[in-house]
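Here the structure is laid out as structure tokens; the discussion comes afterwards.
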């Protein structure tokens with residue numbers, strides 16, 4: 001695999017290529033980075049969805065999907081993500097490498113063309129999207145919001161984040177809210193599309209063996225015809241107001257959920273974030289971590305108890321599923337492990353095993369197309385984009401002193417309990 | 001003596017090695033050049049459905065539901081410490097899972113491969129169960145079961161299986177219930193371990209940046225020769241007909257979910273590569289987003305992009321399942337049935353057949369990118385007595401007539417059931 005090649009093809013538009021001949025497929029994606037705002041979040045989510053339903057040339061979903069099917073089952077998909085205080089809309093296309101076609105079909109260049117049409121030549125008339133696609137996208141986004149409620153693990157974490165981030169964009173759902181989604185119209189979406197092309201930051205990513213140079217040319221031409229006026233993107237590091245918020249909600253469930261949010265003061269724009277990543281792994285990132293060993297294995301309180309560090313905002317989220325009657329006991333057990341961590345009771349074994357686990361997973365990332373794509377898309381806004389190997393080296397060199405220096409920064413901010421009704 | 005055979009795909013040039021190891025174990029080795037990691041999976045043909053069996057013609061033994069999964073948890077502990085602590089010193093990412101028909105232990109790593117494979121082979125061959133360690137797991141697995149009890153996806157599927165199967169144990173939750181796992185003892189764990197964790201009943205698949213020589217060297221050292229014994233699994237006779245056509249459960253959900261399944265005829269063996277290829281092409285033609293039905297269901301607001309289909313097959317069970325979120329699952333199921341009847345009487349489209357064949361072929365090659373999916377496919381092929389590359393070759397060869405013939409044998413609209421999970 002070659003390392004990432006990056007070329008600016010417009011004002012805040014970048015074309016990134018990772019050439020790799022080990023895979024039998026290629027993948028290309030276009031990601032738009034925007035400030036996450038309550039007024040526009042749903043509209044952008046709808047836009048991301050509607051663009052993949054049809055375009056001028058393939059003007060119904062069935063026609064578009066038939067075209068993809070004939071290209072050896074290529075797939076087109078859309079993803080809406082939250083990264084710190086930003087909303088990220090990604091549309092990607094992937095398919096078989098040209099080498100494996102039965103005939104002379106140039107699969108990869110056809111797919112690059114389709115992706116370009118999806119972004120720049122949508123199925124619009126008289127400055128609006130079609131009613132048919134609009135209805136489908138609206139229903140899809142509302143259903144997706146509901147299905148996140150269906151899965152209580154996802155729901156409880158998003159509730160905790162909401163409570164922590166009441167005054168920050170990071171507290172807004174990645175899909176926005178139902179009311180604003182329902183207020184959107186096919187006309188408004190058209191203007192949102194125009195606005196997106198002008199104001200978002202774009203990162204185009206090409207992973208595979210095929211002809212990325214011609215795809216680059218096509219996208220460069222398209223962006224040259226757009227008057228670009230990109231918005232400023234920034235994420236503020238999370239700061240607790242100093243008061244611990246405790247929220248309990250009740251529901252008909254078999255298992256209760258416990259989610260706890262911690263301030264760390266260290267986020268992606270701080271060099272020490274590698275150290276914080278390691279601290280979070282020592283706390284609850286592996287089967288030899290403090291939470292797994294003590295809360296699960298020694299006390300048999302739960303099946304899962306993990307911690308995750310959100311490096312853009314700089315907080316740690318701990319989550320677990322426990323018996324309703326054990327909620328307080330589990331909370332105490334988790335806080336006890338956090339206290340061990342913050343007061344510096346960390347063994348060399350805990351440090352070494354967390355390091356080895358992290359290094360192992362970084363080194364494996366380059367073995368899948370999606371692993372490579374996701375790695376770079378989540379780091380592309382960093383001042384310097386590290387490769388997985390560079391990140392592994394940085395983790396390796398963290399010392400115990402460096403860990404102890406910032407461990408005490410970790411402070412409880414929010415406790416969210418989703419309690420089963422008796 | 002170890003017997004080593006090279007198996008090559010004529011189409012892609014990819015190859016792997018099948019080893020009949022002198023210990024009794026079958027080993028598949030699939031090296032991937034220029035990859036930076038390796039993946040190993042060690043599995044036994046023993047899952048949640050194997051609850052009644054006999055060994056070497058002995059008496060029939062019945063064990064509690066959920067014991068295969070319980071054993072999977074407990075096997076990580078050996079007399080000299082637990083496997084996770086050992087892996088913690090090498091940095092592998094390790095896990096295990098129990099399904100209906102198999103239990104698998106796996107790891108992936110970029111360094112220390114030799115040490116990791118030694119740990120895997122060692123702990124799976126070193127059971128250590130005491131009353132105390134068995135009791136400790138009750139709380140952990142109890143919470144795992146409760147997590148599944150709240151999972152709408154999980155519930156909607158098991159409810160459907162209860163509608164489709166009268167007697168086959170596939171209808172029982174893989175982890176059992178809080179009551180059945182309370183019956184599990186160290187003695188019972190040893191009993192099933194000694195029956196099913198015989199190397200002749202197991203398989204090892206290794207993929208990634210590894211060589212045949214190093215795997216064989218480690219296996220020669222770590223594997224203890226196992227005397228083959230004969231295992232008979234008892235499954236009560238399962239009629240062709242379903243149990244009941246509809247089931248509904250209330251859970252705290254805001255968008256209802258459904259699973260809609262067609263119970264299929266089971267033959268003497270599992271589906272062949274050719275039969276699998278024919279069914280996959282048919283399902284792609286008829287139900288993928290490019291199909292007439294998909295657009296119709298979308299336009300009427302009966303499905304969303306979560307709609308999916310799958311072939312669900314194992315020893316003694318075979319069905320075709322559809323699933324997704326819907327505000328009107330009954331109507332969606334009616335539409336699917338009507339569409340199947342229509343296609344069966346009017347015939348298939350040749351053009352759709354060709355495109356779907358290509359799409360399935362593309363999918364099958366894509367799966368060769370990933371060392372994890374290769375290893376898991378190798379294990380599945382082995383337990384269903386198929387050869388891994390046969391499927392891709394079969395896809396390239398099947399004809400329109402093959403697909404027509406297959407369609408007439410599956411998707412009986414008088415033998416299907418609907419399971420729904422709704423909000424209160």
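Chains as they are written, first to last, in this note's numbering: chain A, 1 to 422; chain B, 1 to 424.
C-beta: ideal position from N, C-alpha, C; glycine also.
Boundaries (first-last residue) of the alpha helix (DSSP H) holding residue i
i: residue 110 of chain A; result: 107–120
i: residue 219 of chain B; result: 212–222
i: residue 26 of chain A; result: Premise fails: residue 26 of chain A lies in the beta strand (DSSP E), 25–35, not in any alpha helix (DSSP H).
i: residue 163 of chain B; result: 152–164
i: residue 358 of chain A; result: 348–364
i: residue 145 of chain B; result: 131–149
Three-state class that DSSP yields for residue i in the structure shown
i: residue 160 of chain A; result: helix
i: residue 284 of chain B; result: helix
i: residue 342 of chain A; result: helix
i: residue 382 of chain B; result: helix
i: residue 256 of chain A; result: strand
i: residue 349 of chain B; result: coil
i: residue 379 of chain A; result: helix
i: residue 142 of chain A; result: helix
i: residue 385 of chain A; result: coil
i: residue 326 of chain A; result: helix
i: residue 68 of chain A; result: helix
i: residue 48 of chain A; result: helix
i: residue 360 of chain B; result: helix
i: residue 417 of chain B; result: strand
i: residue 266 of chain B; result: coil
i: residue 228 of chain B; result: coil
i: residue 154 of chain A; result: helix
i: residue 306 of chain A; result: strand
i: residue 371 of chain A; result: helix
i: residue 367 of chain B; result: helix
i: residue 112 of chain B; result: coil
Length of the line joining the Cα atoms of residue i and residue j
i: residue 74 of chain B; j: residue 82 of chain B; result: 9 Å
i: residue 420 of chain A; j: residue 368 of chain B; result: 44 Å
i: residue 387 of chain A; j: residue 377 of chain A; result: 12 Å
i: residue 34 of chain B; j: residue 407 of chain A; result: 39 Å
i: residue 270 of chain B; j: residue 278 of chain B; result: 14 Å
i: residue 79 of chain A; j: residue 134 of chain B; result: 43 Å
i: residue 171 of chain A; j: residue 316 of chain A; result: 15 Å
i: residue 200 of chain A; j: residue 309 of chain B; result: 37 Å
i: residue 280 of chain B; j: residue 360 of chain B; result: 7 Å
i: residue 378 of chain B; j: residue 28 of chain B; result: 7 Å
i: residue 254 of chain A; j: residue 149 of chain B; result: 6 Å
i: residue 274 of chain B; j: residue 272 of chain A; result: 56 Å
i: residue 8 of chain B; j: residue 389 of chain B; result: 8 Å
i: residue 396 of chain B; j: residue 417 of chain A; result: 54 Å
i: residue 311 of chain B; j: residue 166 of chain B; result: 19 Å
Same chain, Cβ closer than 6 Å to residue i, five either side skipped, listed in chain order
i: residue 5 of chain B; result: 18
i: residue 372 of chain B; result: 39
i: residue 326 of chain A; result: 301
i: residue 140 of chain A; result: 49
i: residue 126 of chain B; result: 78
i: residue 398 of chain B; result: 277, 278
i: residue 165 of chain A; result: 171
The beta strand (DSSP E) enclosing residue i, as first and last residue numbers
i: residue 16 of chain A; result: 13–19
i: residue 87 of chain A; result: 86–96
i: residue 7 of chain B; result: 3–8
i: residue 416 of chain A; result: 411–420
i: residue 83 of chain A; result: 75–83
i: residue 6 of chain A; result: 5–10
Contact set for residue i: own chain, Cβ-Cβ below 7 Å, skip 5 residues either direction
i: residue 98 of chain B; result: 47, 48, 68, 69, 72, 174
i: residue 95 of chain B; result: 106
Sequence-distant residues of the same chain with beta carbon closer than 8 Å to residue i, five excluded per side
i: residue 154 of chain A; result: 148
i: residue 152 of chain B; result: 251, 253, 257, 421
Runs of alpha helix (DSSP H) lying entirely within the region 27–106 of chain B, each at least 4 residues, in chain order: Whole alpha helix (DSSP H) segments, 4+ residues: 67–75, 83–88.
My parser needs the alpha helix (DSSP H) runs of 4 or more residues fully inside the region 261–301 of chain A; what are they? Those alpha helix (DSSP H) runs which fall completely within the region 261–301 of chain A and span 4+ residues are 273–284.
Report the start-end ranges of each alpha helix (DSSP H) in the region 167–237 of chain A that is 4 residues or longer and not cut off at the edges. Assignment of alpha helix (DSSP H) within the region 167–237 of chain A, counting only whole runs of 4 or more residues, yields 178–183, 186–199, 212–224 in chain order.
What are the start and end residues of each continuous beta strand (DSSP E) run of 3 or more residues lying completely inside the region 160–210 of chain B, in chain order? If we require 3 residues or more, the beta strand (DSSP E) runs fully inside the region 160–210 of chain B come out as 202–208.
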